[in-house]
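These notes concern the structure reproduced below.
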Amino acid sequence: MEFKEIQVSEMNFNPFDKISKQWMLVTAGDEESSNTMTASWGGVGIMWGKPVATVYIRPQRYTKEFVDKNEYFTLSFLPEEYRKALNVCGSVSGRNVEDKWQEAGLHPVKIDGTTAVEEAEEVFVCRKLYAQEMLPECFIDSECDTKWYPDKDYHTMYIAEIVKVLKI
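Under the numbering used here, the letters of the sequence shown match residues -17 to 150, in that order.
Below is the structure:
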């Protein structure tokens, strides 16, 4: 199938369902190399007068290396029939398998100099604006720290402009 571009204002997008229940794939890389990972934490909104997506990536995730070294990344939302692939992308590291894409039964597609997932029903092309490692001293509710970070492997938060929305 072929993607068509729509305006951000045309989206029918419930982030509570799309991100936390349906999940998304965070993908970065170029023609040479890319990686993808499943994420269920994030958000969308307006920041600095721009439509933005916020994603959170732990330091040990291989995809973080690709997000860090590239200006753009994508968020891909897949239909429910790809739940098994989403589970693979959330549990298998691209460092440890020869071809994570093949293992998950997914296909990378190049879009605007970055990589997305061909099987997606919706893709956000995102340009990084801000990144910050979460710090333990910034938690107001210390239970969030102790519950979610027993190993002190704090996420890096990325705020990225949604520069393009693609739908099938």
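No residue lacks a Cβ here, since even glycine has one placed at the ideal position from N, Cα and C.
Proximity below 8 Å, CB of Thr97 to CB of Ala21: By one-based count along the sequence shown, residue 97 stands at place 115. By one-based count along the sequence shown, residue 21 stands at place 39. Against a cut-off of 8 Å, the Cβ pair of Ala21 and Thr97 comes out as no contact.
Opening and closing residue of the beta strand (DSSP E) in which Tyr54 lies: In the sequence shown, the residue the question calls residue 54 occupies position 72. It spans 54 to 59 - the beta strand (DSSP E) in which Tyr54 sits, taken as one unbroken run.
Runs of alpha helix (DSSP H) wholly within the region 5 to 78 (minimum 4 residues, chain order): 44 to 51, 65 to 73
Residues near Val145 by beta carbon distance below 6 Å, same chain, minus five either side: The sequence position of residue 145 within the sequence shown is 163, counting from 1. Within the same chain, Val145 has close Cβ partners Val107, Arg109.
Sequence-distant residues of the same chain with beta carbon closer than 6 Å to Tyr38, five excluded per side: On the sequence shown, position 56 is the one that residue 38 refers to. The answer, listed in chain order, is Trp23, His137, Met139.
Spatially closest choice to Tyr64 from Trp5, Asp50, Asn78, by CA coordinates: Taking the first residue of the sequence shown as 1, we reach residue 64 at position 82. For the residues Trp5, Asp50, Asn78, the minimum Cα distance to Tyr64 belongs to Trp5.
Where Lys146 sits in the DSSP three-state scheme: Residue 146 sits at position 164 when you count from the first residue of the sequence shown. Note: Lys146 maps to strand in three-state DSSP.
Candidates Phe(-5), Glu100, Ile93, of which the one nearest Gln84 by Cα: Taking the first residue of the sequence shown as position 1, residue 84 is located at position 102. Checking every option, the nearest Cα to that of Gln84 belongs to Glu100.
Span separating the alpha-carbon of Pro90 from that of Asp12: As a position in the sequence shown, residue 90 is number 108, starting the count at 1. As a position in the sequence shown, residue 12 is number 30, starting the count at 1. Taking the straight line joining both Cα atoms gives about 10 Å.
Helix, strand or coil at Lys134 according to DSSP, with G and I counted as helix: Mapped onto the sequence shown, residue 134 falls at position 152. Coil, per DSSP.
Alpha-carbon to alpha-carbon, Gln42 and Glu119: Here residue 119 refers to the residue found at position 137 when the sequence shown is read from its first residue. Here residue 42 refers to the residue found at position 60 when the sequence shown is read from its first residue. Whole-angstrom Cα-Cα distance: 21 Å.
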